[in-house]
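Q: The sequence shown: position 189 = 203 (this note's numbering), numbered continuously. Virtual Cβ for every residue (Gly too), placed ideally from N, Cα, C. Values in this document were obtained by computation on a predicted structure and should not be read as measured data.
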Amino acid sequence: MTRGANGSPSLVVVLGPPGSGKGTQCARLAATLGLTHVSTGDALRDEASHGTRLGRLAAHYLDNGDLVPDELVIETMMRALARSEGFPAVLLDGFPRTEAQAVALEDLDLGCVRLAAALLVSRAVLLERLRNRGRPDDRSEIVRRRLIAYEVETRPLLDYYARNGLLVHVDGNRSPTEVTTTLSGHLAAVGIMGRHLVRTGTHGGAS
Ligand code: AP5
Ligand code: MG
Numbered sequence: 015m016t017r018g019a020n021g022s023p024s025l026v027v028v029l030g031p032p033g034s035g036k037g038t039q040c041a042r043l044a045a046t047l048g049l050t051h052v053s054t055g056d057a058l059r060d061e062a063s064h065g066t067r068l069g070r071l072a073a074h075y076l077d078n079g080d081l082v083p084d085e086l087v088i089e090t091m092m093r094a095l096a097r098s099e100g101f102p103a104v105l106l107d108g109f110p111r112t113e114a115q116a117v118a119l120e121d122l123d124l125g126c127v128r129l130a131a132a133l134l135v136s137r138a139v140l141l142e143r144l145r146n147r148g149r150p151d152d153r154s155e156i157v158r159r160r161l162i163a164y165e166v167e168t169r170p171l172l173d174y175y176a177r178n179g180l181l182v183h184v185d186g187n188r189s190p191t192e193v194t195t196t197l198s199g200h201l202a203a204v205g206i207m208g209r210h211l212v213r214t215g216t217h218g219g220a221s
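(1) Hey, is Asn146 close to the ligand AP5, as in C-beta under 7 Å from one of its heavy atoms?
(2) DSSP state of His64, grouped into three classes?
(3) In three-state DSSP terms, what is Ser235?
(4) Using DSSP's beta-bridge definition, name the partner residues of Thr107.
(5) With Asp151 as the anchor, note down where its beta strand (DSSP E) starts and where it stops.
(6) Can you list, in chain order, the residues of its chain with a C-beta nearer than 7 Å to that of Leu71? Leave out the 5 residues immediately preceding and following it.
(7) Quick one: give me the first and last residue of the alpha helix (DSSP H) that Leu43 is part of.
(8) So what's Asp121 in DSSP terms, helix, strand or just coil?
(9) Could you have a look at Arg160 and say whether DSSP puts it in helix, strand or coil?
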């Protein structure tokens, strides 16, 4: 499962439905611990806004709230991770979202998955947060599609990472600060403490 090559970064997979706080928490952890934050959603929106080949291919899926095909997302992720070279730990915000992506992450050997943190938030709270934010894909009919994509494609990954002993559940209904504190504790438990990284072995899991 955790087959990172020597020197490759520790990877933290942050899972959760739309509006669960993946981006908020990764940004906070990146700022406080000095880690890299890679968001596939942000990267894909960036490609789309610049009209790149990849962005043009992804735009239709982003607009409709559907998952972008695996091969496009994996290409986006590889580019983003290549830019993260040299960082000891990378927070993966919204990747993987399918089992095929999770398998690709292992096969590409870009780093060692140390932890998968699933943010749990009630549906009513998610809908309220997204209604208040107002991103173009936060329109109610698109949010519905994004939630279905999460349930069908991404939720099974919780079992996938649980089977590998890497999954922790985090109550994301609380204040951003409380959630960050809990996540920081889980990161510390696997040796990820920002500037004071503790090496727990190249093949260790979230024990
Ligand atoms: P992406 O941008 O990742 O969207 P998402 O997963 O739907 O999640 P959001 O970004 O909406 O929510 P979040 O969990 O980051 O919450 P946030 O911190 O923003 O992906 C967009 C699209 O890209 C997908 O639909 C798909 O098309 C494509 N895509 C991306 N990755 C892909 C992949 N791997 N495979 C295929 N396709 C992919 O918080 C939401 C709001 O709540 C904010 O306003 C925030 O301020 C607020 N908030 C957060 N936490 C709290 C809190 N604790 N208390 C109160 N308010 C809070
Ligand atoms: Mg986000």
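A: If we stick to the structure as given:
(1) Working through the sequence shown from its first residue, we reach residue 146 at position 132. Within the cutoff, so yes.
(2) By one-based count along the sequence shown, residue 64 stands at place 50. His64 falls in the coil class under three-state DSSP.
(3) Residue coverage of the chain in this structure runs from 15 to 221, which leaves residue 235 outside it and unanswerable.
(4) By one-based count along the sequence shown, residue 107 stands at place 93. Per the sequence shown, the amino acid found at residue 107 is Asp instead of Thr. DSSP links Asp107 through a beta bridge to Val28 and Ser53.
(5) Your numbering for residue 151 matches position 137 in the sequence shown. Per DSSP, Asp151 belongs to no beta strand (DSSP E) and is neither H nor E.
(6) Here residue 71 refers to the residue found at position 57 of the sequence shown. These residues qualify, in order along the chain: Leu86.
(7) Numbered from 1 along the sequence shown, position 29 holds the residue referred to as residue 43. From DSSP, the alpha helix (DSSP H) with Leu43 extends over Lys36 to Leu47.
(8) As a position in the sequence shown, residue 121 is number 107, starting the count at 1. Of the three classes helix, strand and coil, the one that applies to Asp121 here is helix, per DSSP.
(9) In the sequence shown, residue 160 corresponds to position 146, counting from 1. Looking at Arg160 - three-state DSSP - the assignment turns out to be helix.
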